[in-house]
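Quick note on our numbering: the sequence shown kicks off at 55 and runs consecutively. Glycine is no exception: its CB is placed at the ideal position from the N, C-alpha and C atoms. Small disclaimer: the values here were computed from a predicted structure and weren't measured.
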Amino acid sequence: MYQSRRRLCSALLHRDAAGLRRRPGPGPGPGPGPRGQRSPWAAAPRPAPPRLPAAASGAATLCARTACSMGNGTSRLYSALAKTLNSSAASQHPQYLESPDPEHLEPIDPKELLEECRAVLQSRPPRFQRDFVDLKTDCPSSHPLIRVMQWNILAQALGEGKDNFAQCPVEALRWEERKCLILEEILAYQPDILCLQEVDHYFDTFQPLLSRLGYRGTFFPKPLSPCLDVEHNNGPDGCALFFLQNRFKLVHSTNIRLTAMALKTNQVAIIQTLECKESGRQFCIAVTHLKARSGWEQFRSAQGCDLLRNLQNITQGAKIPLIVCGDFNAEPTEDVYKHFASSSLNLSSAYKLLSPDGQSEPPYTSWKIRTSGEYRHTLDYIWYSKHSLSVRSALDLLTEEQIGASRLPSFNYPSDHLSLVCDFSFNKEPDGLS
Ligand SMILES: NC(=O)C1=CN([C@@H]2O[C@H](COP(=O)(O)OP(=O)(O)OC[C@H]3O[C@@H](n4cnc5c(N)ncnc54)[C@H](OP(=O)(O)O)[C@@H]3O)[C@@H](O)[C@H]2O)C=CC1
Ligand SMILES: [Mg+2]
Numbered sequence: 055m056y057q058s059r060r061r062l063c064s065a066l067l068h069r070d071a072a073g074l075r076r077r078p079g080p081g082p083g084p085g086p087g088p089r090g091q092r093s094p095w096a097a098a099p100r101p102a103p104p105r106l107p108a109a110a111s112g113a114a115t116l117c118a119r120t121a122c123s124m125g126n127g128t129s130r131l132y133s134a135l136a137k138t139l140n141s142s143a144a145s146q147h148p149q150y151l152e153s154p155d156p157e158h159l160e161p162i163d164p165k166e167l168l169e170e171c172r173a174v175l176q177s178r179p180p181r182f183q184r185d186f187v188d189l190k191t192d193c194p195s196s197h198p199l200i201r202v203m204q205w206n207i208l209a210q211a212l213g214e215g216k217d218n219f220a221q222c223p224v225e226a227l228r229w230e231e232r233k234c235l236i237l238e239e240i241l242a243y244q245p246d247i248l249c250l251q252e253v254d255h256y257f258d259t260f261q262p263l264l265s266r267l268g269y270r271g272t273f274f275p276k277p278l279s280p281c282l283d284v285e286h287n288n289g290p291d292g293c294a295l296f297f298l299q300n301r302f303k304l305v306h307s308t309n310i311r312l313t314a315m316a317l318k319t320n321q322v323a324i325i326q327t328l329e330c331k332e333s334g335r336q337f338c339i340a341v342t343h344l345k346a347r348s349g350w351e352q353f354r355s356a357q358g359c360d361l362l363r364n365l366q367n368i369t370q371g372a373k374i375p376l377i378v379c380g381d382f383n384a385e386p387t388e389d390v391y392k393h394f395a396s397s398s399l400n401l402s403s404a405y406k407l408l409s410p411d412g413q414s415e416p417p418y419t420s421w422k423i424r425t426s427g428e429y430r431h432t433l434d435y436i437w438y439s440k441h442s443l444s445v446r447s448a449l450d451l452l453t454e455e456q457i458g459a460s461r462l463p464s465f466n467y468p469s470d471h472l473s474l475v476c477d478f479s480f481n482k483e484p485d486g487l488s
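In C-alpha cells, the structure reads:
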C-alpha cells in the first residue's frame, strides 16, 4: 500500500488562497511504494548517493522548513511557481528562441522548489524509488561527471486532448499537479543537461523556473504541432534543451527541421556544442523527437539519416564527442535504430548497459493504455560516442509492478514515457576520435 504524501502545513493554505487548487486523494493505487524488486534485465544495483539532501529529509523537518520559510524565500518561490499556472501569453510567443539571459533573475534554491512541489502533491502517492546502477567503477575520472536526462514529458494538450489514454483518470492529468510531478523528477535527479520532448509549457513554466535554477534553455517547436488542434492549447509542443550555466559554456547552437525524402518534415532537433568549464573539453549534445506511429518506419529512418548527416557536419566527422537524446518513436528493430547503431559516428545506446549482457535495450521506456489498446515499447534512447565517453551510471527504469495495471501516465508518474538519466565521463586520452 502507498504511504500517502505527507504534511499539511499552514503554507498550503496560502497556496490554496493563491489559486493552487487541491484535488481529493487519489484513492488506492496499484503497486507498492518503495520498490522491492528490480527489473530482471538490470545489473547488480549500487545506488548512487543522493545528490539532493532535501529528498531524504523527514516529513516533520520538511514541514517545519516549509512553514518557516514561507515568510521569505519560499513565498517568493511560491509566487514563481504560482505564476506559471496561467499562461495564455506563452502561446503568443514567436517561434524558436533561446531564453533570455537569466543572470538578472533571482535564483531559486532547488531544495525549496522541491519542497513547494511536494507540498502541492501532498495528496498524491509518493514518487517511486529508482536507483542509479553503477556501470564502471574501475576507471576513476578526474573530471566531474556529466548527468544527462532524456524525457518525453507528455505535452499537456496531447495528454488531455489527443492521446486517448483509457485508464488514466483525467484528474491525474491536471497541469497544476502534473507540472509539479515533472519538476519533482527533474529536481530529484538534478541533471546537468536536460533533453525534453513534447514541451508545450516552455515559456510559462520550464524556461522561467529552470533559468532561475541556473539552466540556460533553448526551445524549438514543431512547425505544425498537433497541440494546436486541441481546444485551449498552450501553444505548440517541441524539443527543449537545458544545460547548467555554471558547468558549461555554449559554443554553438543549431535548430534543425528534419527532412525526409528531401522534404521538410514536422519533426525537429536541437544540436549544441558545449564546453566543460572544469576541463575545457568540448562535446556535442542533441535532442530530437521523431515521427510517431506505425506505418511511418521509413519516414523515421530518413529523419534519422538527416539528423546523422547534420551531426557528422557539426562534430567534424566525430572529432567532438557526442550525446544524442531522443524519443525516436522506434523499437530497436527499426532501421533508424540500426542507422544510429552502425553510424560512422561510433555511437552506442547507453541503456543497453543495464542489461545483463550489455547488448539489449530495456523492455520498455513507454507504457500506456489507449482506447485502441495497450502499448509497451522501447522508444527513447541516449546515444553516446562510445570511444570518447563512458557511462558511469544509469537510472534504473520503473518495474511493471511500480507502473501498475493502469500503466502511464498516472497519479504517480506524469508522462507515458519514463525519464532516462545517465552519468557520463570523458575517457582519459583526448585522442581526437570519438
Ligand atoms: N506531419 C505533417 O507534415 C503535418 C502535420 N499536421 C498536424 O500535425 C499532426 C501530426 O503531427 P506529427 O508531428 O506528424 O505527429 P506524430 O504522428 O509524430 O504524433 C504527434 C504526437 O502524437 C502522439 N501519438 C503517437 N501515436 C498516437 C496515437 N496512436 N494516438 C494519439 N497520439 C499519438 C505522439 O506521442 P509519442 O511520441 O509519445 O508517441 C506525438 O507526440 C496532425 O494531427 C496535424 O494536426 C498537419 C499537416 C501536416
Ligand atoms: Mg506522446
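- Note: C338 is bridge-paired with T327, L376 in the DSSP secondary-structure output.
- The C-beta separation of V341 from K276 comes to about 13 angstroms, leaving the pair out of contact by the 8 angstroms criterion.
- Relative to the non-hydrogen atoms of ligand 1, the Cβ of K345 comes within a distance shorter than 6 angstroms of at least one.
- Excluding sequence positions up to five before and after W229, its CB lies within less than 6 angstroms of the CB of Q210, all in the same chain and listed in chain order.
- Pairing A220 with R424 gives a Cβ-Cβ distance under 7 angstroms.
- One thing to note: D185 has its Cβ no nearer than 7 angstroms to the Cβ of S447.
- Straight-line measurement puts the Cα of A356 at about 13 angstroms from the Cα of N320.
- If you look at I207, you'll find it isn't in any alpha helix (DSSP H); DSSP assigns it neither H nor E.
- As the crow flies, the alpha-carbon of V174 is around 18 angstroms from that of P463.
- Per DSSP, W350 is not a residue of any alpha helix (DSSP H), being assigned neither H nor E.
- Where C249 is concerned, there is no enclosing alpha helix (DSSP H), although the beta strand (DSSP E) around it starts and stops at 247–253.
- Taken in chain order, the unbroken stretches of alpha helix (DSSP H) that lie wholly in the stretch 358–412 and span 4 residues or more are 389–395.
- Secondary structure at C476: strand, using DSSP grouped into helix, strand and coil.
- Between ligand 1 and the CB of P280, the shortest heavy atom gap is smaller than 6 angstroms.
- For P275, the enclosing beta strand (DSSP E) stretches over residues 269–275.
- Annotation for V174: the continuous alpha helix (DSSP H) segment containing it runs 164–174.
- In this structure, N320 has its CB closer than 6 angstroms to one or more heavy atoms of ligand 1.
- Nearest to F394 by C-alpha distance, out of C281, Y405, K373, V378, is V378.
- Contact annotation: L362 and F296 have beta-carbon atoms that are not nearer than 7 angstroms.
- By the criterion of a C-beta distance shorter than 8 angstroms, K331 is surrounded in its chain by N300, R301, F302, K303, once the five residues flanking it on both sides are discounted.
- With 16 or more other Cβ atoms inside 10 Å of its own Cβ, A384 counts as buried.
- A contact is defined here as three or more CB-CB pairs under 8 angstroms, and the stretch 198–215 fails this definition with respect to the stretch 162–179.
- Each residue's CA atom was taken as its position, placing H306 and I324 some 11 angstroms apart.
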